[in-house]
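**Q**
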Amino acid sequence: MATGGTVRPAEEPEEEEEEEDEAVEEEEEEDYTFLPLVHDIIKCMDKDSQDVYQELNELKSKFQAMRKLVGNMPGIDMSPEEQQRHLQSLREQEMKIIASCNFKACDINCFLVTRV
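Okay, so the sequence shown: first residue is 1 according to the UniProt record's numbering, each after it adds one.
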């Protein structure tokens, strides 16, 4: 039943997925990092270059994108006290749901998460 291709161990696809996940995480981290742009601006200023304006525009665009992202976050329009009340309400709902479920042969404590 040889197909002429190489046989890979079962673990390799998982490793490839992990590498892809790490690459995506690094790319996402880069989206939220302003330091490289600030560094480029300072370097351009040292050279007294016209590239400063381009770098400043990139930084401005990144700040605008981050403002939009933060503005769309759920709960951003609520005060910290309102957020705490909402969180407490959600925790109470969670406890009611857990209490109403019939878990046979399972310790209910395995579902409880330690709260900070």
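The beta carbon of each residue, even a glycine, is placed where N, CA and C say it ideally should be.
Predicted model only: the values in this text are computed from it and were never measured.
Hey, residue 90 and residue 59: beta-carbon distance below 8 Å or not?
**A** Counting from 1 along the sequence shown, the entry for residue 90 is found at position 90. Counting from 1 along the sequence shown, the entry for residue 59 is found at position 59. Not a contact, by the Cβ cut-off of 8 Å.
**Q** With distances taken from CA atoms, which of 66, 44, 93 and 76 is nearest residue 33?
**A** The sequence position of residue 33 within the sequence shown is 33, counting from 1. Ranking the options by Cα distance to residue 33, first place goes to 66.
**Q** To the nearest angstrom, how far is the alpha carbon of residue 44 from that of residue 70?
**A** Working through the sequence shown from its first residue, we reach residue 44 at position 44. Working through the sequence shown from its first residue, we reach residue 70 at position 70. When rounded, the distance between both Cα atoms is 29 Å.
**Q** Taking residue 31 as the reference, give the member of 50, 57 and 63 with the closest Cα.
**A** Within the sequence shown, the letter at position 31 stands for residue 31. Ranking the options by Cα distance to residue 31, first place goes to 63.
**Q** Excluding the 5 residues preceding and the 5 following residue 76 in the sequence, name in chain order all residues of the same chain whose CB lies nearer than 6 Å to its CB.
**A** Sequence index remark: in the sequence shown, residue 76 carries index 76 (1-based). Within the same chain, residue 76 has no close Cβ partners at all.
**Q** If you measure between the beta carbons of residue 86 and residue 95, is that distance less than 8 Å?
**A** Counted from its first residue, the sequence shown places residue 86 at position 86. Counted from its first residue, the sequence shown places residue 95 at position 95. No. Outside cutoff.
**Q** Return the chain-ordered list of same chain residues with a C-beta closer than 8 Å to the C-beta of residue 52, the five sequence neighbours on each side being excluded.
**A** The count along the sequence shown starts at 1 and reaches residue 52 at position 52. The answer, listed in chain order, is 41, 44 and 45.
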